[in-house]
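The next block holds one structure in the form of C-alpha cells; read it before the comments.
Shown next, in the form of C-alpha cells:
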C-alpha cells in the first residue's frame with residue numbers, strides 16, 4: 081500500500097491558503113488541507129532577516145503524487161519562493177491511510 085504523506089507550506093493569510101487548498105482537494109491532489117492561523121515567522125530572505133505573520137497549511141496526500149502536488153502549489157502560490165516540504169509518515173492508522181489514498185485516486 082502506498083504511504084500517506086504530509087506536505088507543509090505557508091501562506092500570508094488563511095483565505096488564500098483555503099482557496100488554494102480547496103482547488104487542490106477538488107483536483108484530488110490532496111484528501112484534506114489543514115490551515116493553522118496565527119503563526120509568526122522570522123526568516124532570512126535575500127540577505128536580510130525578516131518578520132511576518134503567516135498561516136501554516138498541511139496537505140494530506142500520498143507519496144506517488146507528491147511531485148504533482150508540489151507543482152500545483154508552486155503554480156498557484158503567491159510567494160516568489162514558497163516553502164514546500166514533504167514530511168514522510170512513519171505510520172498511519174489503517175483507516176486514515178485508506179481514506180487519504182481513496183480520496184487522491186490511489
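In this note's numbering, the protein residues as written are 81 to 186. Built from N, CA and C at the ideal position, the CB exists for glycine as well.
field: Euclidean distance between Cα positions of residue 142 and residue 128
entry: C-alpha separation (whole angstroms): 36 Å.
message: Which same chain residues end up closer than 8 Å to residue 176 when comparing Cβ atoms and leaving out the 5 residues on each side of it in sequence?
response: Taken in chain order, the residues that qualify are 84.
query: Is residue 104 closer than 9 Å to residue 165 when the C-beta atoms are compared?
result: Not a contact, by the Cβ cut-off of 9 Å.
message: With the cut-off set at 9 Å, would you say residue 153 and residue 89 are in Cβ contact?
response: Going by beta carbons, residue 153 and residue 89 fall inside the 9 Å limit.
field: Enclosing alpha helix (DSSP H) for residue 150 [first to last residue]
entry: Unbroken alpha helix (DSSP H) run through residue 150: 146 to 156.
query: Going by C-alpha distance, which of 132, 138 and 112 is nearest residue 120?
result: The shortest C-alpha separation from residue 120 is found at 132.
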